[in-house]
Amino acid sequence: MTSTIVITHLQRAMRAVYGDFSHLSTIQASSWIPPAAAEGHRGRYLWTDAFGVLNFLTLYKETREQRYLSLAARLIATVHDILGRTRDGVSRLPGATEANPVGGGLRIGKEEDTGRDGDGQYHHYLTLWMFALNRMSLASQDQVYNHLAIALAQAIHPAFVHDREASRPRMYWKVSMDLSKPLVSSEGNLDPIDGYVVYTLLQRTDGSDALQAEIDDYRKILHTKWRYYVSDDPLDLGMTLWTAHWLQGEEEWADALVTKAFSCLSSVWDDGYFQLASRHRLAFREFGTCLGIQCHEDTTWQERARSIVAFWEGQGQVPEPPAQQSGGKLTPITCVMYAAALCPGAFRKGYF
């Protein structure tokens, strides 16, 4: 049973991003328009809003208040209507239709159009959004959301995965907004692992083999890539622990990868990273660490995760930032990831 204070902190963090929804009735929530966040193009950023959807689903499960399910549905529709369109908002992305708003993928939501940090599409953002749609499908018992996730999976796969007939296909880390060309040709550390796990979850929910060809591509990459996994990045390690926990106990690679990730995280801990002053750290990346840890039943690491969360609470950045920081670009991602670290709920296997 999640404590009342945890739920209260979760609600406060979400209100810092999505406004005061506490007064909304279920009917009002069904027509809610998510306010533009401080981060993202036209106020929407795919990674942040994926966490937002999942946190609303956690609140729905914990409180049994229907309005949270409605808020999740409205946030999904808004993201599809903004990030599923060209930056000028005039038309759907190529391949998308009103019936299939994700047929052209979903933009990252970068504020700049072009350049080194310009807009485009990230595989790991897209798979996180697919996961959010999948959890929405389970929470609402509406298969439409999982069908959308599968449509998104099918649409973006050929743009990110190339040399598919090779024994070891390759992946691009970032592609253009219209999925027509790579923008960053290197391969993400977690992208094939995310793809394999999330596509597997979507297919299991669907009860079909709709994504089998894509899953086979990821499997070929995965079986060589996980063996060489190493990281000292708190967010990467946390998301690895989260992703792998879905198939832990089912597939040997997942068990081995969890062991590797905890070993790497132990080195980061022992090196004193988490004892550094706040100016040398980023809260949202460490909340990713805590989220991953909380998907595992290791009491020592659970205590460490709580100490990390408590540190940032003590810094006054969460559950809601001070007024002078409320419009900061990192506020939305920090608050939604804090909420997930505090109460992983919808991120955890077996929750729905």
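Residues 3 to 354 in this note's numbering are what the sequence shown lists, from first letter to last. Heads up, the beta-carbon is just placed ideally off N, CA and C, and yes, glycines get one too. In this text, all values refer to a predicted model and were calculated from it rather than measured experimentally.
In this structure, V186 places its C-beta atom within 8 Å of the C-beta atom of W175.
Counting only runs of 4+ residues, no alpha helix (DSSP H) is found wholly inside the segment 86 to 121. In the assembly as shown, P334 is a buried residue. Its beta-carbon has 16 or more other beta-carbons within 10 Å. D257 and Q30 have their C-alpha atoms some 45 Å from each other. In this structure, L59 and A74 form a Cβ contact; the two beta carbons are roughly 6 Å apart against a cut-off of 8 Å. Residues T129, M132 and F133 of the same chain have their beta carbon placed closer than 6 Å to that of V200, with the five preceding and five following residues left out of the count. Nearest in C-alpha terms to A343, of all of Q304, F354, Q317 and P323, is Q304. In the DSSP assignment, P171 falls outside any beta strand (DSSP E), carrying neither H nor E. Annotation note: the segment 40 to 68 contains the following uninterrupted alpha helix (DSSP H) runs of length 4 or greater, listed N- to C-terminal: 48 to 65. Here L185 carries a strand assignment [DSSP, helix/strand/coil]. Here the alpha carbon of G329 sits roughly 44 Å from the alpha carbon of E252. Here A263 has L239, T242 and L243 as same chain residues with Cβ atoms under 6 Å from its own Cβ, once five neighbours each way along the sequence are excluded.
If the five residues before and after Y147 are omitted, its C-beta is found closer than 8 Å to the C-beta atoms of I78, L135, N136, M138 and S139, all from its own chain and listed in chain order. V200 sits in a helix when the DSSP states are folded into three classes. Counting C-beta atoms within 10 angstroms of its own C-beta, V92 has fewer than 16 neighbours from the protein chains shown and is therefore classed as exposed. Taking P36 as the centre and dropping the five residues before and after it, the same chain places the C-beta of Y20, R76, L77 and T80 closer than 7 Å to its C-beta, in chain order. Nearest neighbour of L259 by Cα position, chosen from Y275, V8 and H298, turns out to be H298.
Cβ-Cβ distances below 8 Å link V270 to D234, P236, L239 and F276 in the same chain, with the five nearest sequence neighbours on each side left out; the list follows chain order.
Looking at the DSSP output, Y147 shares a beta bridge with no other residue. Ranked by Cα distance from Y353, the options D193, Y220 and N57 are led by N57. Two segments are said to touch when three or more pairs of C-beta atoms, one from each, lie closer than 8 Å; by this definition the segment 39 to 52 touches the segment 113 to 128. With a 10 Å radius around the Cβ and a threshold of 16 neighbouring Cβ atoms, A348 comes out buried. Y220: member of the alpha helix (DSSP H) spanning Q214 to K227, first to last residue. Judged by beta-carbon spacing, A153 lies beyond the 8 Å limit of G117, meaning their Cβ atoms are not closer than that value. For a cut-off of 8 Å, the C-beta gap from A151 to K63 is around 19 Å, too long to register as a contact. With a threshold of 16 other beta carbon atoms within 10 Å, Q143 falls short and is exposed. Within the same chain, and ignoring the five residues on either side of P346 in sequence, the residues whose Cβ sits closer than 7 Å to its Cβ are L293, Q296 and C297.
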